[in-house]
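K.L.:
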Amino acid sequence: MKTKERTYSQSRANHDKQRQSRSMEHIPRPRNITIEHLRLLSLISRYSRPGEDPSRPEPWIRKLPLQVFMYEGIVSGVFDWDYSPASIPFLDSREYLNISQEGEDDINDLREDGYVNSMRISTARHRFIEAYQITLLGLELISDLDQESLVSVDGLVSCPECGEKLHVKACELPGVSDAASREREIDSVTQCLIHCLQCSYSRVSGITEIEDVSYASSPFISTALCEFPSLTPSRHASFKGLESGGTDNIRDRLDELIILDDTRLMIGEWIPFGANHIAALNEKIGARERVKNALFTQVIDQDPGGTELMVMPGLTQVFVRGSKPGENVSFDASIMYPEDDGIEQIEEFGVHVNMAGQVVYGLKVESIAGHDCHRVSLDHLSRLLADVSSDSSRMMETLLTSYQRTLLSLVFLRKSRNRDKYALVMARDISPRQGVADFLDAESMECELKQILEEVVTAENLPDGSLLFVGTHGTLMITGNPEKYEAVASDFLFLKSMDLFMQNFFSSQFILNDTLRDVQNLISLSERDPNAIEKVQMLLSESSGDAVLMKEIQGYLMEALTEFNQALQKRKRSRTLEMNSVGELLAISEMAQNLTVRVRDMEKIIHGIMKSLEGMAAITDVITERQMHRLQEALHSNTRNLEDVTRSSERTGVSLEIMEVILSGTLAFDILDRLTGEWSAMSTPDPATWGSRYFGPLISIPGVWFCISMLLWVAIAYGLFRFMAWLQAKAEPVLISRVKMNIPCNLNALETYLATKNIIIRDVDCYAQSMKKKVSWVEMEIEKWGVAEVKIELFYDDANGYLLSFLLEVPEPGRLRIGRLNDLFMEEILQFGVIARS
Numbered sequence: 001m002k003t004k005e006r007t008y009s010q011s012r013a014n015h016d017k018q019r020q021s022r023s024m025e026h027i028p029r030p031r032n033i034t035i036e037h038l039r040l041l042s043l044i045s046r047y048s049r050p051g052e053d054p055s056r057p058e059p060w061i062r063k064l065p066l067q068v069f070m071y072e073g074i075v076s077g078v079f080d081w082d083y084s085p086a087s088i089p090f091l092d093s094r095e096y097l098n099i100s101q102e103g104e105d106d107i108n109d110l111r112e113d114g115y116v117n118s119m120r121i122s123t124a125r126h127r128f129i130e131a132y133q134i135t136l137l138g139l140e141l142i143s144d145l146d147q148e149s150l151v152s153v154d155g156l157v158s159c160p161e162c163g164e165k166l167h168v169k170a171c172e173l174p175g176v177s178d179a180a181s182r183e184r185e186i187d188s189v190t191q192c193l194i195h196c197l198q199c200s201y202s203r204v205s206g207i208t209e210i211e212d213v214s215y216a217s218s219p220f221i222s223t224a225l226c227e228f229p230s231l232t233p234s235r236h237a238s239f240k241g242l243e244s245g246g247t248d249n250i251r252d253r254l255d256e257l258i259i260l261d262d263t264r265l266m267i268g269e270w271i272p273f274g275a276n277h278i279a280a281l282n283e284k285i286g287a288r289e290r291v292k293n294a295l296f297t298q299v300i301d302q303d304p305g306g307t308e309l310m311v312m313p314g315l316t317q318v319f320v321r322g323s324k325p326g327e328n329v330s331f332d333a334s335i336m337y338p339e340d341d342g343i344e345q346i347e348e349f350g351v352h353v354n355m356a357g358q359v360v361y362g363l364k365v366e367s368i369a370g371h372d373c374h375r376v377s378l379d380h381l382s383r384l385l386a387d388v389s390s391d392s393s394r395m396m397e398t399l400l401t402s403y404q405r406t407l408l409s410l411v412f413l414r415k416s417r418n419r420d421k422y423a424l425v426m427a428r429d430i431s432p433r434q435g436v437a438d439f440l441d442a443e444s445m446e447c448e449l450k451q452i453l454e455e456v457v458t459a460e461n462l463p464d465g466s467l468l469f470v471g472t473h474g475t476l477m478i479t480g481n482p483e484k485y486e487a488v489a490s491d492f493l494f495l496k497s498m499d500l501f502m503q504n505f506f507s508s509q510f511i512l513n514d515t516l517r518d519v520q521n522l523i524s525l526s527e528r529d530p531n532a533i534e535k536v537q538m539l540l541s542e543s544s545g546d547a548v549l550m551k552e553i554q555g556y557l558m559e560a561l562t563e564f565n566q567a568l569q570k571r572k573r574s575r576t577l578e579m580n581s582v583g584e585l586l587a588i589s590e591m592a593q594n595l596t597v598r599v600r601d602m603e604k605i606i607h608g609i610m611k612s613l614e615g616m617a618a619i620t621d622v623i624t625e626r627q628m629h630r631l632q633e634a635l636h637s638n639t640r641n642l643e644d645v646t647r648s649s650e651r652t653g654v655s656l657e658i659m660e661v662i663l664s665g666t667l668a669f670d671i672l673d674r675l676t677g678e679w680s681a682m683s684t685p686d687p688a689t690w691g692s693r694y695f696g697p698l699i700s701i702p703g704v705w706f707c708i709s710m711l712l713w714v715a716i717a718y719g720l721f722r723f724m725a726w727l728q729a730k731a732e733p734v735l736i737s738r739v740k741m742n743i744p745c746n747l748n749a750l751e752t753y754l755a756t757k758n759i760i761i762r763d764v765d766c767y768a769q770s771m772k773k774k775v776s777w778v779e780m781e782i783e784k785w786g787v788a789e790v791k792i793e794l795f796y797d798d799a800n801g802y803l804l805s806f807l808l809e810v811p812e813p814g815r816l817r818i819g820r821l822n823d824l825f826m827e828e829i830l831q832f833g834v835i836a837r838s
């Protein structure tokens, strides 16, 4: 085994060396390995090792925990990098985290040089994550790392209490939200927990705490989208005040390398819209009213018949610019959400929505971080983008219909507030002024661009001196005449926004397909699992609804692309050659065709899902019918058994009556025997006794004594039957009251109430979406109830918070009536706050 392990280790070493030599062939100059590279490599080595035994698993470190340690290292001074908010995949959705683009670049450097292996692995939710592993070459490189760096990395990854290695766990905790939020989506707080497996040490990383920066923005909507002017009141005085004031809560020292001049943003997303939804949006924002501005909130009025309404701070003011009925609507939004102390924000942006589903949020940066519009650094701009992206999602949630919110919740897995958007940044100038090749240096300059673009896909120098950088989640255009490119940029923004939506939509289809696979497995277990069919029916019901919604979303996408392709051909004929060349550079036509093909492909997938649902529903019906047939047979058998028991009981009752008659005769004969038998008045020593005088003549006459015996038998039997009937009539009937409630209840108050009772029976029935409990106790307080004993049974759903029913039983009710009994019990649970008096 040792020889085999050495051979495997040697082969891994040779593979790493060959990989390094191949990667070095593509590097024009030797890699400048910095202290950050070495410390990062040392950090990776604490959680990964190259494999030495092919029969054993190899340790790798996932990308998210590594990013958490990188952020913590920046804050603690281990790494000299910048960080900025970036929207990245997190569990089942996307979240804004403080990510270091310089750190990401150093990881790529180490990968290119063969010091780190990278692996992409799929999650159960069809998302891809990366994991890293140090190579043997990497271990060689850090073998002589200086003591200060070793101590720094040790302090970063070691538990301060026991010294063991720390671990990172991504989790979601239930958040505090209002009723409106609970109706629409499940609110949660995203956290990255740094904890020790050997002791109780744990803390929450600050990587999820996005920093704020003071800024002021004014509404902007491209004239290519809206010809109506802005109606938002001017706030230039406030803009000027923020140029020299306002603070931020940034914990890092920023290296501002790229500065923009006169910056405007267009943030786009695609939401299923139609003519009716546009009409509903116009109605909601009051586009036809005389006063075209109003305040909006996310709070749902639960008591519309009341007088006062309490609303927490966090409103949005909307100023309607104009609209075309059934086609589009444009308005300005002024966000008034609370901010941290010292943070001053004037957040205003224009919004354009059309029936094709294009939603554009536009703004001009007037001032940021104490600087005017002529000095906007990408470090600060990235934080502004994160803030506007989050706030715009909250604002649109208020204006969308419940149907649209349901569609977004389906596509983004009930996390639509965190949906990613595409940002298009246009500026008149950039500092330093240089060609695009100088910015793509794979070092600090490119890392600055990645803060707003993520991965840079392409970059071009335009003929008029403009610069164009296209990324996966953003585009930066530097031009002295931004108005000239707004129309082409709007088309490009529409397609990129739709592309992001379709990526999430495609993932949700595969997740639904996984659900159907789970349903298939449950169907196969239906004979062994008693709850399988109930789970199958629930999943099929939910999946059928999701499939129908997906079909409708696919229809919205197809209609939007069809209209866009038709309009694009007309616009291309009316545009200048220069504009069309930029459109070709951005590959707008090719992208539109590609999206159309993808939408048609989705139609096939959805059709297959719906056919699978139909087949599984048919199989479930067959299984249900088979189980019902078995149940009917069991009921039929039980019915026959009950009939046999009833007949047996009838026979037993007749036998008991016969026994009572015989017992009556025996008793009568025993009485007569005591009078005339051996131990009676007839057998005394003196024959002239009173017994002989009275009973002798009766006995001497044939048949008389027999008749007397029979008469006494009949009399005693009749008296016994009448006595039993009198006892039964004298017994009081049991008073029983059954009340079905099915109303919401306060579970905490209910548990407090039950804690005061002596529970004698507690039954629990667990189902997929409910937990039904039955508790029983006996009340013995005669002063309160007026009777000596009251048996109470209470039924409630502990999972959903519903009081289902109760049963009251009084063995000796006396003068107590059912109405009074129910009132006494209801008053008791009302006093404990179990249910509301309304």
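Residue numbers for the sequence shown follow my numbering, beginning at 1 and rising by one. Note that beta-carbon positions come from the ideal geometry of N, C-alpha and C, so glycine has one too. Quick caveat, the model's predicted, so the values are computed rather than measured.
1. Under 6 Å Cβ to Cβ from K496, same chain only, skipping five residues before and after it: list those, please.
2. Going by DSSP, what residue range makes up the alpha helix (DSSP H) through S544?
3. Answer yes or no: the CB of Q198 versus the heavy atoms of the ligand ADP, is any distance below 7 Å?
4. So, helix, strand or coil for C707, using DSSP?
5. Using three-state DSSP, classify Y71 as helix, strand or coil.
6. Counting along the chain, where does the alpha helix (DSSP H) carrying N328 start and finish?
7. What whole-angstrom Cβ distance do I285 and V320 have, given they're in contact under 8 Å?
8. Taking all protein chains shown into account, decide if C199 is buried (16 or more other Cβ within 10 angstroms of its Cβ) or exposed.
9. My guess is that L382 and S84 are in contact by the Cβ rule of under 8 Å, so how many angstroms apart are they, rounded?
10. Mapping DSSP to helix, strand and coil, what is M826?
11. Closer than 8 Å is the cut-off here; do at least three beta carbon pairs connect the segment 221-228 with the segment 350-362?
12. Within 10 angstroms of its Cβ, does N748 collect 16 or more other Cβ (buried), or is it exposed?
13. Please report the distance separating the alpha-carbon of F455 from that of G305.
14. In chain order, which alpha helix (DSSP H) runs of at least 4 residues are fully inside the segment 363-427?
15. By the DSSP assignment, the alpha helix (DSSP H) with G583 in it spans what residues?
16. By DSSP, does A668 sit in helix, in strand, or in coil?
17. Report the rounded CA-to-CA distance for L821 versus L631, giving the unit in angstroms.
18. The beta strand (DSSP E) that contains W270, what's its start and end?
19. Between K791, N531, E448, L66, which has its C-alpha nearest T624's C-alpha?
20. Have a look at D178 and T297 and give me their C-alpha separation to the nearest angstrom.
21. Drop a sphere of 10 angstroms on the beta-carbon of R182, count the other beta-carbons inside from all chains shown, and report buried for 16 or more, exposed for fewer.
22. Alpha carbon to alpha carbon, what distance is there between L156 and R417?
23. Using beta-carbon positions only, say whether W777 and I759 come within less than 8 Å of one another.
24. Applying the criterion that 16 or more other CB atoms from any shown protein chain within 10 Å of the CB defines a buried residue, is Q769 buried or exposed?
25. Look at the alpha carbon of R111 and the alpha carbon of L407, and state the distance between them as a whole number of angstroms.
26. Ignoring anything shorter than 4 residues, give me the alpha helix (DSSP H) runs that lie fully in the segment 73-152, in order along the chain.
27. Can you check whether the CB of T620 is closer than 8 Å to the CB of Q520?
28. Would you mind sorting V151 into buried or exposed? The rule is 16 or more other CB atoms within 10 Å of its CB.
29. Give a yes or no on whether the minimum CB-CB distance between V661 and chain C is below 8 Å.
30. Do the segment 807-817 and the segment 712-728 make contact, defined as three or more Cβ pairs closer than 8 Å?
31. Between which residues of its own chain and G73 is the CB-CB distance below 6 Å, once the five residues before and five after are set aside?
32. Using the Cα positions of P28 and A567, report the straight-line distance between them to the nearest angstrom.
33. Within a Cβ cutoff of 6 Å, which residues of the same chain sit near M558, ignoring the five residues on either side of it in sequence?
34. For P463, does the count of other Cβ atoms within 10 angstroms reach 16, so buried, or fall short, so exposed?
35. Using the C-alpha atoms, what's the distance from S45 back to L55?
36. By a C-beta neighbour count over all protein chains shown, 10 Å radius and 16 as the cutoff for buried, is E827 buried or exposed?
P.N.:
Taking the geometry as given:
1. Y422, listed in sequence order.
2. Start and end: 532-574.
3. In the structure shown, the ligand ADP is absent, as is every other ligand, since no ligand is present at all.
4. Of the three classes helix, strand and coil, the one that applies to C707 here is helix, per DSSP.
5. Helix.
6. No alpha helix (DSSP H) contains N328, which is instead part of the beta strand (DSSP E) from 328-336.
7. Between V320 and I285 the Cβ distance is about 6 Å, and since that is below 8 Å, they are a contact.
8. The residue is exposed, with fewer than 16 neighbouring Cβ atoms inside 10 Å.
9. First, the amino acid is wrong: residue 382 is Ser here, not Leu. Sure, about 4 Å apart at Cβ, within 8 Å.
10. M826 falls in the helix class under three-state DSSP.
11. At 8 Å Cβ cutoff, the stretches touch.
12. With fewer than 16 other Cβ atoms inside 10 Å of its own Cβ, N748 counts as exposed.
13. Going by the sequence as given, residue 455 is Glu instead of Phe. Cα to Cα, the separation comes out at about 53 Å.
14. Counting whole runs of 4 or more residues, the segment 363-427 contains the alpha helix (DSSP H) stretches 378-399, 402-411.
15. Counting along the chain, the alpha helix (DSSP H) containing G583 begins and ends at 577-585.
16. Of the three classes helix, strand and coil, the one that applies to A668 here is helix, per DSSP.
17. Per the coordinates, the alpha-carbon of L821 lies some 38 Å from the alpha-carbon of L631.
18. 259-270 is the span of the beta strand (DSSP E), which, as asked, contains W270.
19. From the listed residues K791, N531, E448, L66, the smallest Cα separation to T624 is found for N531.
20. Low confidence applies to D178: its pLDDT is 40, below 50, so where it sits in the model is not reliable, and the reading given next is rough at best. Distance between the alpha carbons of D178 and T297 is about 11 Å.
21. Interpretation of R182 is limited by its pLDDT of 36, a score under 50 that renders its predicted location unreliable; the figure taken from the coordinates is listed afterwards. For R182, the number of other beta carbons within 10 angstroms of its own is below 16, and it is reported as exposed.
22. Distance between the alpha carbons of R417 and L156 is about 33 Å.
23. Cβ distance < 8 Å, so W777 and I759 count as in contact.
24. Answer is exposed; the Cβ neighbour count stays below 16.
25. Whole-angstrom Cα-Cα distance: 40 Å.
26. Within the segment 73-152, the complete alpha helix (DSSP H) runs of at least 4 residues are 101-112, 136-141.
27. No Cβ-Cβ contact shorter than 8 Å links Q520 with T620.
28. Its Cβ having fewer than 16 others within 10 Å, V151 is exposed.
29. Absent from the structure: chain C. Only one protein chain is present.
30. The segment 807-817 makes no contact with the segment 712-728: fewer than 3 CB pairs, one atom from each, lie closer than 8 Å.
31. Closer than 6 Å at the Cβ level, and outside the excluded window around G73, lie F79, L156.
32. A caution first: P28 carries a pLDDT of 38, below 50, which makes its placement in the model too unreliable to give a value.
33. Closer than 6 Å at the Cβ level, and outside the excluded window around M558, lie V599.
34. When all chains shown are included, P463 counts as exposed.
35. Residue identity check: residue 55 is Ser in the sequence provided, not Leu. Looking at the two C-alpha atoms, the distance is approximately 21 Å.
36. So E827 ends up on the exposed side.
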